[in-house]
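Heads up, the thing below is written out as structure tokens.
Numbering (the numbering used here), first residue to last: 111 to 252.
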């Protein structure tokens with residue numbers, strides 16, 4: 111089973127390389143859909159949704175996003191688990207700024223290494239992980 115922990119991500123540790131492979135993610139995901147430019151796949155880890163985005167042209171992982179999931183709360187994917195061991199999701203923006211000594215970017219997010227935290231109502235709403243090959247080349251447009 112693949113495990114993704116917020117403490118490891120925010121300390122700069124990469125996720126398992128297999129989770130950036132479209133073939134691996136296709137085999138472990140619960141849902142799959144397409145946009146004009148991306149394949150989107152999702153896996154459910156109890157109260158979290160883990161979304162994977164791959165570029166259609168070259169099948170490169172663009173990002174892995176985690177957010178709270180209110181739809182499939184009882185569903186636990188047997189292949190992947192998200193553990194918010196430092197309780198970052200739902201944390202107030204001021205606490206995040208103090209803890210990580212970061213300022214808010216123009217788009218209202220906070221960047222910590224290859225992680226970007228997005229906020230709704232001043233609380234962490236979602237966490238984006240950008241694989242190293244995509245840092246500086248991340249586009250969240252679909």
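All C-beta atoms in this analysis are idealised placements derived from N, C-alpha and C, irrespective of residue type, glycine included. Just so it is clear, the structure is predicted and the values come from calculations on it, not from any experiment.
Check                                                                                                                                                                     : Outcome
Between residue 235 and the rest of its own chain, which residues show a CB-CB distance below 7 angstroms, the 5 nearest in sequence each way excluded?                   : 177, 228, 229
For a test of the three-state rule: what should DSSP assign to residue 197, helix, strand or coil?                                                                        : coil
Using a Cβ-Cβ cutoff of less than 7 angstroms, which residues in the same chain neighbour residue 152 once the five nearest sequence positions on both sides are dropped? : 139, 140, 141, 159, 160, 161
Please report how far the alpha carbon of residue 241 lies from the alpha carbon of residue 155, in whole angstroms.                                                      : 21 angstroms
Let me know the secondary structure DSSP gives residue 117 once reduced to three states.                                                                                  : helix
Around the Cβ of residue 187, are there at least 16 other Cβ atoms within 10 angstroms (buried) or fewer (exposed)?                                                       : buried
Contact between the segment 163–174 and the segment 187–207 is defined here as three or more beta-carbon pairs at a separation below 8 angstroms; is this criterion met?  : no
What residue range does the alpha helix (DSSP H) around residue 133 cover?                                                                                                : 132–138
Hey, residue 238 and residue 175: beta-carbon distance below 8 angstroms or not?                                                                                          : yes
Where in the segment 169–240 do unbroken runs of the beta strand (DSSP E), each at least 3 residues long, occur, reported from the N-terminal end onward?                 : 171–178, 190–193, 220–222, 225–230, 233–239
Using 8 angstroms as the threshold, is the C-beta distance between residue 210 and residue 222 below it?                                                                  : yes
What residue range is occupied by the uninterrupted beta strand (DSSP E) comprising residue 160?                                                                          : 158–165
Using only the alpha-carbon positions, how far apart do residue 219 and residue 212 sit?                                                                                  : 10 angstroms
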